[in-house]
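Heads up, the thing below is written out as structure tokens.
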Amino acid sequence: MTALSARARCAALAALFALLAGCGTATDSPLATALSGIRASLGGNAAREAGEAALAAQLTPEALARATRPLLLAELPSRDARATFVIGGENRGHVTWIGADGIGLVLRGGVLTSTRGLGPDLLASDTAAALAAIRRGGGSATRAHRYLGGEHQVIGRDFACSYVSEGRAAIEIVGTRHVTRVVAEGCAGNGARFENRYWIGADGFVWQSTQWIGPEIGEVTLKQLVR
Amino acid sequence: MAVGKARSRLGCGLASALAVALPAVPAEMAPTLGFYGMPGLYDTPTARSLYDADLALSFTGAGPTARGTLAFQITPRLTGSLRYSRVEGLDPPRAALYDRSLDLHFRFLDETEWLPAMAIGLRDFGGTGTFASEYIVASKALGPRIDVSAGIGWGRLATRGEFDNPLGLDTRPPFSGLGGEPGWDQWFRGPAAFFGGIAFRPTDRLTLKAEYSSDAYEQEVAAGVLEVDSALNFGLEYQWRPGATLGLHYLYGTEVGVSASFVFNPRHSPMGDLSPAGVPVAVRPGAASEWDGAWTAVPGQAQALRSTLAQLLEADGMGLEYLELSATTARLGLRNARYDSEPQALGRTARVLTHVLPPSVETFVLEPVVEGSGASRVTLRRSDIERYEHAADGAALIFARTEIGEAGAHPGPEARPEGLYPDLSFGLGPYLATSFFDPEAPIRADVGLEATARLDLAPGLSASGAVRLKIAGDLDESMRVSDSVLPHVRSDANIYDREGENGIQYLTLDYFFRPAENLYGRVSAGYLEPMFGGVSGELLWKPVDSRLGLGAELNYARQRDFDKLFGFQDYDVVTGHVSAYYELGGGFDAQLDVGRYLAGDWGATVSLDRTFANGWRIGAFATLTEVSAEEFGEGSFDKGIRITAPISWFTGRPSRSEIATTIRPVQRDGGQRIDIRNRLYPLVRDYHESDLSEEWGRFFR
């Protein structure tokens, strides 16, 4: 590696850090506006409503048509919150999506494998078998979830899951229509029970999903705004 | 993403915390707290325990008596508490009697299908004896909503319906001495009496309680401050938030009583962990054969990497002390000012390094630097970090392949980023100073601003100081005059509060160094603490993988003027200790200090702390010195409890700040140590093997 490319990488890295620190570099992009709106929403209800309004204004087909990179929308009903995410890194098929305020979501093949910055996060998981079953649209699999306990210890929770195909459904994400097949994933274990659902395009791409994070946070709805 | 309302999160966090803590035994009700703030009904105890590590703060009032209690479930079976009570009209000519008392409650038998749980307890075992009693009690659940208890009591719990001592120990000697010493010769002696009661929980939030009390409140009745018409006490409690309970009661047949209690568990933060996501790992492109070390030959490259890395670490609340580079290895001195979870700091740093360092660098040697000295060395493989970033047990897999050892010597200035020394920094923040248990005002407090400054001159060498500006408070209203016959090394604290409210807290020159392997050293000089200045030297032996640490400290101290400015008084002393620190395991730490205390008295201090990986520490200490109980005065010897709470537990945000409180029933002059603010052991052990392994699951946080 030459010195020049090292410097180029450092510049790219600085941009990534700026994003992580919550100060979007492309200030005129819809993303930056959305991010700043979400940040402002931390200030209180009025600011929160203003932030939500700003986000809603950006979630239009026209604004999304101008987007230059993949964009994911996550909605957390238990927090009454939603935000957009951009890709921060990729490693062995796991894509790290970074949102405002330091929230991180990691997806592998559309299946959530970990979260960051939500509080009682999903620390890590093994969802390889689940992913295969979702792609098959049937069968059963075991999910291995990891959480952090209050004494910072890792707590393992395994879930036995079964998968059924629920047929075809057409969904609309901010004006774009996708014809999908729907796969439902029912899981139980450790006294908890949850159901995930995936809306999968013809090429196997997961356009939309509702996925359970953990007992405290409940489920998140993910919608792919820009692929 | 916006966070939810803090209110609802607090509730659901505690509820889920309890759900995790509870074993799946449905038959047993959560314990109720009695009017003594311990598992019980009103005056009488039950054989229940709080959940392990629960802290319970409670306030009760009825008639002339008000009590505030802090109880702690020390182990699953052992409960301890410190209580402050006020009884109007019991200590004439004063308006009220104030009493500090300590209780211990031990559940020695677990409930089975047929047998009850049983517990034995001591109330007020080391106070002035006003509330002294002992008991053995049994509790049995009748289904999931009814809990009945019955027991036998001595002392105060045998003042109604009493009978001859079943063990034949009929004589209970009267209380003598200055209080504070265990009343061995009184326990379980004198008449005994039966008591009992029932708790019924018709809904999950409502509890109805009734008891037959064997406490006739003889002292209060004799003093004419209470009428007692009935042995029956009853009432109801309502849990309005998880862990928070309010109660309304009818006691003694004459009085309305009120209660409020707050129970929480240090093991379960109400906020969880809101640390922002760390930077994702950058995976090296191509194959290892393409990664060469040609970059090492490029002039200025190392310094450019140093400067980039320093900026990135700084953006994440950390700092770079040094970076040594070869084609395959990076050795990095890490300053961690933000993350109370040290593996989290290491993991975030390692991930930053995957972005900054050329691909040929495979080995990351991270050395956490504390006060200029390396506290340990953590050696990681870059390919492991790439491989296990998203593995379910990634942190554990990395830990298994990580070497933790002794830090190397501080490299020369050429390995440092530019402009590291000298460095001047300032801080400004609020402070809260408290004083407890003054009979005229049980709680006094000052609030104000504290300004700090620190000048780092070279690795390990720094000057620092703090001044306070009081804004409001009543610490200066204490006019008590110390009656201590010892040198007034601590008992004139209220004069310092009065005359030195805007003073210098500390102003010192400190030097930290590593004299040899496993050894850490410190020399400090100046105004060491609010009441003493002088010179202090300390050596600590603490191998990275050892549960044992040994220390020695020697100080020459001179008492400062009451105005907390630059002057000194006449009193001076050579004081110092040898110390042993030992991790007992299971979350308990023990410490023994032997030496000479501030008043010139020789003796030893024993401390026992329960520690939690998240930073909470709850402990107790006692000091016995050659000072006799008579010379010492009220309380007979120095003792107290201490609580350290990490700020991150309350906020969910990473922080190395803590709130630390020491509560002594009585502050006297015997057995007092100089208050050095940067002793070596707590600084160093955070980065040693056992502390790192406890929290290693947070490596990828």
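For the protein sequence lines, the chains are A and B, in the order given. Going by this note's numbering, the first sequence runs without a break in its numbering and finishes at 487. Going by this note's numbering, the second sequence runs without a break in its numbering and finishes at 1410. We put the beta carbon where it would ideally sit given N, CA and C, even for glycine.
Practice problem: Indicate the three-state DSSP secondary structure (helix, strand or coil) for Gln1053/B in the structure shown. | Solution: helix
Practice problem: Name, please, each residue of chain B whose Cβ falls closer than 8 Å to the Cβ of Ala404/A. | Solution: Ala1101
Exercise. Tell me, please, whether the region 905 to 914 of chain B touches the region 841 to 858 of chain B by the rule of three or more beta-carbon pairs shorter than 8 Å.
Key: yes
Quiz item: Comparing the C-beta of Arg1015/B with each C-beta of chain A, is any distance below 9 Å?
Solution: no
Quiz item: Residues of chain A with CB under 7 Å from Gly966/B, in chain order?
Solution: Within 7 Å Cβ-Cβ: nothing; Gly966/B doesn't reach chain A, min ~34 Å.
Exercise. State yes or no: is the beta carbon of Met827/B nearer than 9 Å to at least one beta carbon in chain A?
Key: no
Practice problem: Whole angstroms is fine: what's the gap from Pro735/B's alpha carbon to Tyr745/B's? | Solution: Low confidence applies to Pro735/B: its pLDDT is 37, below 50, so where it sits in the model is not reliable, and the reading given next is rough at best. C-alpha separation (whole angstroms): 27 Å.
Quiz prompt | Other residues of its chain near Thr1353/B: CB distance less than 6 Å, five sequence neighbours each side excluded | solution = Arg1326, Glu1367 and Ala1369
Quiz prompt | Residues in the region 365 to 399 of chain A having any Cβ partner in chain B nearer than 8 Å | solution = Val366, Arg368, Thr373, Ser374, Arg376, Gly377, Leu378, Gly379, Pro380, Asp381, Leu383, Ala384, Ser385 and Asp386
Quiz item: From which residue to which residue does the beta strand (DSSP E) around Ile415/A run?
Solution: Val414 to Ile433
Quiz item: Are at least three pairs of beta-carbons, each pair with one atom in the region 1033 to 1051 of chain B and one in the region 968 to 978 of chain B, less than 8 Å apart?
Solution: no
Self-check item: Arg832/B versus Gln1300/B: straight-line alpha-carbon distance, rounded
Solution: 26 Å
Quiz item: So what's Pro1122/B in DSSP terms, helix, strand or just coil?
Solution: helix
Quiz prompt | Span of the alpha helix (DSSP H) around Glu964/B | solution = Taken as a continuous stretch (DSSP letters only), Glu964/B belongs to no alpha helix (DSSP H), being part of the beta strand (DSSP E) at Glu964 to Phe973.
Quiz item: Would you say Asp463/A reaches chain B, if we count a Cβ-Cβ gap shorter than 9 Å as a contact?
Solution: no
Self-check item: Beta-bridge pairing of Ser842/B - partner residues as DSSP gives them
Solution: Arg832/B and Gly864/B
Quiz item: Skipping 5 residues on each side, what residues in its chain have a beta carbon closer than 6 Å to that of Pro1252/B?
Solution: Asn1227
Quiz item: Which residue's Cα is closest to the Cα of Ala452/A: Val442/A, Arg403/A, Val466/A and Arg396/A?
Solution: Arg403/A
Quiz item: Is there at least one Cβ from chain D nearer than 9 Å to Ile363/A's Cβ?
Solution: Absence of chain D from the displayed structure is noted, the protein chains being A and B.
Quiz item: Can you find a CB in chain A that lies within less than 9 Å of the CB of Phe904/B?
Solution: no
Exercise. Note down, in chain order, each residue of its chain lying with its Cβ closer than 6 Å to the Cβ of Leu935/B, except the 5 sequence neighbours on either side.
Key: Gly772, Pro773, Tyr926 and Glu929
Quiz prompt | Proximal residues of chain A, C-beta to C-beta of Asp982/B below 7 Å | solution = Gly379, Asp381 and Leu408
Quiz item: Can you list the residues of chain A that Gly1026/B reaches, using a CB-CB cut of under 7 Å?
Solution: Correct list: empty, because the minimum Cβ distance to chain A is about 11 Å.
Practice problem: Closer than 7 Å by beta-carbon distance: list the chain A residues that pair up with Asn1323/B, in chain order. | Solution: Gly410, Glu411 and His412
Quiz item: How about Thr285/A: is its C-beta nearer than 9 Å to some C-beta of chain B?
Solution: Note that Thr285/A has pLDDT 31, beneath the 50 cutoff, so the model's placement of it is unreliable and the number below is only indicative. Chain B, which has no Cβ nearer than 9 Å to the Cβ of Thr285/A, makes this no.
Quiz item: What span of residues does the beta strand (DSSP E) with Leu1133/B cover, start to end?
Solution: Asp1132 to Asp1147
Quiz item: Who are Phe1222/B's beta bridge partners in DSSP?
Solution: Gly1230/B
Practice problem: Measuring only between beta-carbons, confirm whether Gly449/A sits less than 9 Å from chain B. | Solution: no
Self-check item: Same chain, Cβ closer than 7 Å to Ser1399/B, neighbours up to 5 away in sequence not counted
Solution: Arg1256 and Glu1292
Quiz item: Is Phe1241/B helix, strand or coil by DSSP?
Solution: strand
Exercise. To the nearest angstrom, report how far apart Asn1203/B and Asp1185/B are at their CA atoms.
Key: 7 Å
Quiz item: With which residues is Glu920/B paired in a DSSP beta bridge?
Solution: Gly906/B and Asn942/B
Practice problem: Would you mind telling me which residues of chain A sit closer than 7 Å to Val992/B, beta carbon to beta carbon, in chain order? | Solution: Asn351
Exercise. State yes or no: is the beta carbon of Glu476/A nearer than 9 Å to at least one beta carbon in chain B?
Key: yes
Quiz item: Going by the C-beta, is Gly777/B closer than 8 Å to any heavy atom of the ligand GDP?
Solution: For the structure depicted, the ligand GDP is absent and the ligand set is empty, with no information on it obtainable.
Quiz item: Between Arg1386/B and Leu1237/B, what straight-line distance do the alpha-carbon atoms span, to the nearest angstrom?
Solution: 8 Å
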